[in-house]
Structure formats: structure tokens, C-alpha cells
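**Q**
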Amino acid sequence: MSAPTSRRTTHRLAADAGLLTLAAAFLLPLAWVLLSALDPDANLKVKLPDSLTLDNFDAILKPDITFTPLLNSLLLCGGGTALTVACAALAAYPLSRFRSRLNRPFLLTILFATSLPITAIMVPVYALFVRVNLIDTMQGTIFFFAASQLPFAIWLMKNFMDGVPKELEEAAWTDGASPFQSLLRIVLPLMGPGVAVVTVFSFVMMWGNFFVPFMLLLTPDQMPAAVSINEFFGNRGMVAYGQLAAFSVVYSTPVILLYVLVARRLGGGFALGGAVKG
Amino acid sequence: MKRTVARILPLTPATLLLLLFLAGPIAYCAYIAFTDLQLTGQAHESFVGFDNFRTAFGDEAFLNAVWLTLVFTVVSALLGQNTLGLALAALMQRASKPVRTLTGAIVITAWVLPEVVAGFLLYAFFRKEGTLNALLDWLHLPTQNWLFTLPILAVSFANVWRGTAFSMLVYSAALNEIPKEITEAAEVDGAGGWRRLWHITLPMIRRSIATNLMLITLQTLSVFGLIWVMTRGGPSGKSQTLPLFMYEEAFQKSMIGYGTAVALLLLLVGGLFSMVYVRLLRTEI
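Below you can see the structure in the form of C-alpha cells.
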């Protein structure tokens with residue numbers, strides 16, 4: 000083995016060791032939730048269960064504890080995502096296809112809005128929603144979810160749309176297709192993976208969001224999982240850590256699966272939508 | 000004429016939503032921050048000018064929240080997420096593929112988890128009976144009640160745990176774009192690891208560093224759920240950053256006007272950062 004090769008191997012081993020140490024540190028809190036969910040007497044420490052059980056899952060897989068909140072999450076985030084994706088696709092089309100003096104200021108405003116701290120406006124949003132009777136309504140929350148995710152969705156959608164060559168549409172235009180038809184029949188199908196990324200990203204963001212439903216919804220029956228999980232150790236007295244862990248697993252699994260589905264695009268060329276292009 | 004309509008019409012649903020639910024509340028925010036609006040027992044709010052802001056700057060709890068927000072942002076975003084993200088990305092350049100994949104998956108899982116779940120996991124980690132103390136005990140090191148003695152550091156570490164994946168992804172993408180020849184040439188010329196990092200790598204990815212710092216600062220400024228779940232801002236305000244202070248004033252003390260004034264300040268700081276960020280990227284539009 001020549002000297003540079005062996006040095007490279009040493010470097011690789013050192014890098015591996017460094018990464019594994021960091022990975023172990025990141026894994027510890029995650030290990031707690033996985034192990035505790037299967038542990039009949041879970042506490043706050045990471046420990047291997049003496050025996051494995053699915054009792055924690057049995058205990059929480061009930062309508063009022065799990066199914067209703069998850070269904071509410073699905074309604075809120077599904078509705079919000081559908082609205083976001085539809086509006087973003089429509090808005091991205093003229094921004095990507097036509098030259099106009101409006102494009103640049105519009106895009107700059109959108110970019111500005113993507114990074115505003117939305118948390119800061121939750122108090123006025125609450126006050127406003129009380130005035131216009133949207134407080135404690137699913138539709139109001141859906142509208143706000145959609146609006147808060149829209150700037151980034153438009154930005155992403157426009158970048159993906161720019162990747163679809165215009166020539167393909169021009170043939171359709173000469174055949175008399177309207178821009179709306181060519182968007183629906185040609186552009187969106189061609190950028191299917193891009194639409195999937197925008198959809199999954201919006202959904203994941205809303206699914207995990209706590210503050211928005213926490214502020215805008217009041218009735219317990221309407222609470223999504225993000226808020227109802229709080230009940231586990233706030234108001235139900237004794238905390239059953241095993242059940243809390245089991246619920247966390249059930250609530251987190253969908254977004255992790257969805258993320259894995261689009262991970263290759265998210266990690267690689269996607270680089271968070273060019274919004275962080277360096 | 001028809002052409003103009005065809006171009007503007009598709010923009011209307013998005014624009015309406017943004018105006019009604021984003022620009023509207025921001026404008027409303029700018030208005031009620033100057034009133035004494037309260038939640039209960041008040042027929043009409045009245046205009047109080049800069050009173051809320053004057054109150055804020057004379058309010059020790061507010062100044063405490065500003066200080067804690069600064070600590071939280073510097074420790075968790077600028078030092079924690081940024082440095083650790085860069086270190087992870089740099090190590091990944093050299094590591095073997097299985098280790099790289101495994102580490103990436105674990106770090107990204109922490110990032111994808113819902114905010115509240117992340118809060119619970121870190122709560123369990125830092126509690127007196129939790130994993131960290133068990134670990135310290137096993138190493139014969141002194142243990143303590145972290146969420147009570149050093150709550151702002153505990154929530155900062157939680158934010159590092161949860162947010163580092165973002166910086167890692169940004170820096171991995173940036174490092175992958177550096178041509179191999181450049182680093183190899185430097186290596187042949189005898190530049191050691193640190194010198195290569197300082198004189199070649201960092202200058203080449205400086206735009207990524209700037210955008211990343213901007214974005215993680217903005218994300219960290221608006222963290223609410225994570226801290227809420229772990230400490231509720233306590234004990235006695237020792238981890239109460241501005242978003243939590245805003246929430247407490249507006250809802251637990253029913254001072255919507257005052258809470259909104261704090262929100263407006265937060266929004267202004269965010270808006271400033273956002274503007275710098277737009278300037279950084281504007282050439283690419």
C-alpha cells in the first residue's frame with residue numbers, strides 16, 4: 000500500500016469514527032421513543048425493555064385518543080396542501096412562462112415572505128379571526144395554513160416549472176389550446192416529481208406545525224395530533240410514558256415515510272428549492 | 000387585453016390568499032400594536048401611540064426575553080446548527096458510504112419529526128430522571144436538573160438536535176460543488192487540513208454560509224412549540240424567548256395590544272434579515 004493511499008484510509012476511518020459518534024448522540028433521544036413505545040414500564044431513560052409489548056399501542060389506538068386527532072390532522076393538512084398546491088401551480092405558470100414587468104417584484108416579494116417569522120403574526124391573526132368569525136373553524140385554519148406555506152410553494156413550483164421546455168407547449172398552442180389547458184395537460188404532468196415535492200413538503204410542514212392549530216382552534220374535537228399530544232402530559236394527570244411514546248411513533252410515521260418518498264429530490268439537486276442556492 | 004387577463008388571472012387565487020391571510024394580519028399587527036386592545040371587558044380599543052413600545056423597553060421581563068432570544072439564536076443557530084452542520088457535511092465528504100448514509104438518515108429524522116414530538120424527546124432526554132443524567136451518572140460525572148438549572152441551554156441544544164440537518168444539507172450541496180482539482184492541488188502543494196478549510200473551502204462556499212446563517216436565524220427566531228413543550232418558558236421566565244413572551248402577554252395576561260407590539264418588533268427584525276437574504280439572492284431571479 001502506497002503512502003497516500005494509507006493516509007487516505009486513515010482519514011476515512013477518522014471521518015467514519017467522527018460521524019458515528021455524532022450519529023450516536025443524535026440517536027439517543029430517538030432511541031428513547033422507539034424503545035419506550037414497546038416497553039411495558041417505560042420511564043424517561045433510554046433503556047432496553049425487559050420484555051417487548053404492543054400494549055402501549057393497544058391503549059392509544061382508540062377513536063378519541065388517536066384516530067380523531069389524526070383524522071383532523073389529515074383534514075387540515077390535506078385541505079391546506081391541496082389549496083397551496085393548486086394556487087401555487089396556477090401562480091407559477093405566468094411567472095415561469097411569460098415575460099412581464101410584474102414578475103420580478105412579485106418574485107422578490109414572495110422570496111421576502113418565505114423567510115418572515117410567521118410565529119410573530121399569530122397573535123394578530125387570532126385577533127383578526129375573532130373579528131371575522133373564523134376562529135375555531137377548520138376552514139379558517141386551512142386558509143391560514145395554505146397562505147403561510149404559499150410563498151415557498153410558489154417559489155419551488157416556479158423553479159421546477161422553469162425546467163420544463165417551452166417548445167412542448169408551443170405545439171399545443173398552435174393547435175388552439177389555452178394556457179390553462181397546456182398547464183394542466185402538458186406542463187404539470189411533465190413536472191410530476193416537482194409537484195410531488197411541493198405537495199409532500201407542504202404537507203410535512205403543516206403536519207408538524209403546532210402553533211397555528213394551537214392558536215386558531217379551540218374545540219377539543221377539532222384538534223389535530225400536533226396539539227392533542229399535549230394532553231398526554233398536561234391534563235391527564237399521571238403520564239404514561241409508554242403510551243406517549245407510542246402515540247409519537249404513530250403520529251410521526253406518516254411524515255417520515257412521505258419524506259423518504261421524496262428524499263432523493265430533497266437532498267440532491269433540490270437543495271431546498273434553490274431558496275438556499277449559494 | 001385578453002393576453003393581460005390570461006397572465007394575471009392565474010395569479011389571483013394565490014394573491015388573494017396572501018393578501019387576506021398574510022399581508023392582512025401583518026397590517027393588522029402594525030395597527031393593534033399601537034392600541035390597548037385586550038381580550039376581555041373592553042368595548043373598544045383606543046389608540047395609545049408608542050405606549051406599548053415604551054412599556055416594553057422599560058419592562059424587565061421583555062428585556063429578559065430579548066436577551067434569551069439572543070442567547071438562543073447565537074448558541075443554537077449560529078454556533079450549534081451552523082458549525083455542526085458544516086462539520087457533518089465536511090466529514091461526510093471523506094467518510095465511507097454506509098456511515099454517511101446512516102448518519103444522514105438519523106440527523107434528518109430528527110429534523111422531519113413533528114415539532115412537538117421533538118420537544119417530548121428532548122424533554123425526556125434532559126429531565127432529572129432522563130437519559131442525559133443516566134449517562135452522566137454512569138460516567139461518574141455530576142448530574143443536575145437541567146431543565147431547572149440551565150433551561151435556556153437545554154432548549155438551545157434541543158434546537159441544535161432538531162435543526163442541524165438543514166445546515167448539513169445546505170453545506171453538503173455546497174461542498175459537492177467545489178471542483179475536486181482545487182482541493183487536490185492544494186493538498187499536493189502541502190496545505191494541511193485546517194489551512195485548506197480556512198483558505199480554500201470556506202471562501203468558496205461563503206455565499207452558502209451567508210444564506211444558511213440568514214435562514215437558520217430566521218427559523219430560530221420563530222421557534223415556539225419546541226420550547227413550549229420542554230419548559231413553557233420557565234422556570235420563572237428563564238427560557239422565555241420573545242415568541243413565548245408574546246404569547247404570555249397576549250393570552251395569559253390578555254394584553255393583545257402589548258403582545259402584538261412585541262410581535263411587531265420580532266417581525267421587524269425578521270423583515271430586516273429577510274431583506275438581506277433577498278439582496279443576497281436577487282441576482283438569481
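Just so you know, the sequences run in chain order Y and D. Heads up: the first sequence at position 141 corresponds to 140 in numbering that gives the first Met the number 0, and the numbers run straight through without jumps. Heads up: the second sequence at position 158 corresponds to 157 in numbering that gives the first Met the number 0, and the numbers run straight through without jumps. Even glycine gets a Cβ: it sits at the ideal position worked out from N, Cα and C. The model shown is predicted, which means the values in this text are computed figures rather than measured ones.
Using a 10 Å radius around the Cβ and a threshold of 16 neighbouring Cβ atoms, would you call T252(Y) buried or exposed?
**A** When all chains shown are included, T252(Y) counts as exposed.
**Q** Against chain D, does F151(Y) count as a neighbour if the rule is that its beta carbon must be under 8 Å from one of theirs?
**A** Cβ-Cβ to chain D under 8 Å: no for F151(Y).
**Q** Quick check: what's the CA-CA separation for A5(D) versus R205(D)?
**A** Approximately 41 Å between the Cα atoms of the pair.
**Q** If the cut is a Cβ gap below 8 Å, which residues of chain Y does W197(D) touch?
**A** In chain order: nothing, as chain Y lies at least about 18 Å away.
**Q** Please identify, using Cβ separations under 7 Å, the residues of the region 116-144 of chain Y that lie next to chain D, in order along the chain.
**A** Correct list: P116, I117, T118, A119, I120, V122, P123, V124, A126, L127, F142, F143.
**Q** Excluding the 5 residues flanking S147(Y) on each side, which residues of the same chain have their C-beta closer than 8 Å to its C-beta?
**A** If we look at S147(Y) and ignore the five residues flanking it on each side, its Cβ neighbours are I117, V211.
**Q** Can you name the residues of chain D whose CB is closer than 8 Å to the CB of C86(Y)?
**A** Within chain D, the residues near C86(Y) are P12, A13, L16.
**Q** Taking only beta-carbon positions, decide if L29(Y) is within less than 8 Å of chain D.
**A** So, interface residue.
**Q** Just to confirm the assignment, what range does the alpha helix (DSSP H) spanning V211(Y) have?
**A** Where V211(Y) is concerned, the enclosing alpha helix (DSSP H) stretches over 210-215.
**Q** So, using beta-carbon positions, are R11(Y) and S95(D) closer together than 8 Å?
**A** Cβ atoms of R11(Y) and S95(D): closer than 8 Å.
**Q** According to DSSP, is F49(D) helix, strand or coil?
**A** In this structure, F49(D) counts as coil in the three-state DSSP scheme.
**Q** Count the other CB atoms within 10 Å of the CB of F66(Y); is the residue buried (16 or more) or exposed (fewer)?
**A** It counts as exposed.
**Q** Would you give the residue range spanned by the alpha helix (DSSP H) that R161(D) belongs to?
**A** R161(D) -> alpha helix (DSSP H) spans 150-175.
**Q** Using a Cβ-Cβ cut-off of 8 Å, state whether L107(Y) counts as contacting chain D.
**A** Judged by the 8 Å Cβ criterion, L107(Y) is in contact with chain D.
**Q** Going by DSSP, which residues form a beta bridge with T34(D)?
**A** F46(D).
**Q** Would you call the CB atoms of Q218(D) and G162(D) closer than 8 Å?
**A** For Q218(D) and G162(D), yes; Cβs fall inside 8 Å.
**Q** Tell me which same chain residues have a C-beta within less than 8 Å of the C-beta of Q37(D), skipping the five on either side of it?
**A** Hits under 8 Å: E44, S253, M254, I255, G256.
**Q** If you draw a straight line from the C-alpha of I215(D) to the C-alpha of W172(Y), how long is it?
**A** The alpha-carbon atoms of I215(D) and W172(Y) are separated by roughly 44 Å.
**Q** Got a sec: is the Cβ-Cβ distance from G79(D) to anything in chain Y below 8 Å?
**A** Not one chain Y Cβ lies under 8 Å of G79(D).
**Q** Output yes or no for whether 8 Å exceeds the beta carbon distance between L241(D) and A64(D).
**A** Yes.
**Q** I'd like to know if K165(Y) contacts chain D, where contact means its C-beta is closer than 8 Å to some C-beta of that chain.
**A** No, no contact with chain D.
**Q** Against P178(Y), what residues of chain D qualify as contacts under a CB-to-CB distance less than 7 Å, listed in chain order?
**A** Near P178(Y) (Cβ distances below 7 Å), the residues of chain D are A5.
**Q** Going by CA-CA distance only, name the one from I255(Y), L243(Y), R263(Y), L260(Y) that's closest to F119(D).
**A** The candidate whose alpha carbon is nearest that of F119(D) is L243(Y).
**Q** Show which residues of chain D have a CB atom less than 9 Å away from the CB atom of S95(Y).
**A** Per Cβ cutoff of 9 Å: no residues; S95(Y) is ~11 Å from chain D at best.
**Q** Give a yes or no on whether the minimum CB-CB distance between S201(Y) and chain D is below 8 Å.
**A** Closer than 8 Å: no.
**Q** Can you tell me whether E168(Y) is buried or exposed? The criterion is at least 16 other CB atoms within 10 Å of its CB, across all chains shown.
**A** Answer is buried; the Cβ neighbour count reaches 16.
**Q** Please state whether the Cβ-Cβ distance between A22(Y) and I105(D) is less than 8 Å.
**A** Contact flag set, yes.
**Q** By the three-class DSSP mapping on this structure, what secondary structure does L257(Y) have?
**A** Residue state, collapsed to three classes: helix.
**Q** If you draw a straight line from the alpha carbon of L115(Y) to that of T9(Y), how long is it in whole angstroms?
**A** The alpha-carbon atoms of L115(Y) and T9(Y) are separated by roughly 45 Å.
**Q** Using a cut-off of 8 Å between C-beta atoms, extract the partners of G23(D) located in chain Y.
**A** Neighbours of G23(D) on chain Y, chain order: L127.
**Q** Check whether the Cβ atoms of I255(Y) and V111(D) sit closer than 8 Å, and answer yes or no.
**A** It is a contact, given that the beta carbons lie within the stated cut-off.
**Q** Please compile the residues from chain Y whose C-beta is within a distance smaller than 7 Å of the C-beta of G258(D).
**A** Going along chain Y in sequence order, the residues near G258(D) (Cβ under 7 Å) are V122.
**Q** Can you give me the Cβ contacts of P150(D) inside the same chain, cut-off strictly under 6 Å, excluding the 5 residues immediately before and after it?
**A** The answer, listed in chain order, is T230, K237, S238.
**Q** Run through DSSP, which three-state label would R100(Y) get?
**A** Looking at R100(Y) - three-state DSSP - the assignment turns out to be coil, as it is neither helix nor strand.
**Q** Quick one: grab the DSSP three-state call for F223(D).
**A** DSSP places F223(D) in coil when its eight states are reduced to three.
**Q** Do we get a CB-CB distance below 8 Å when we pair G272(Y) with the residues of chain D?
**A** In this predicted model, G272(Y) has a pLDDT of only 43, less than 50, meaning its place in the structure is not dependable; the value taken from the coordinates is given anyway. G272(Y) does not count as touching chain D.
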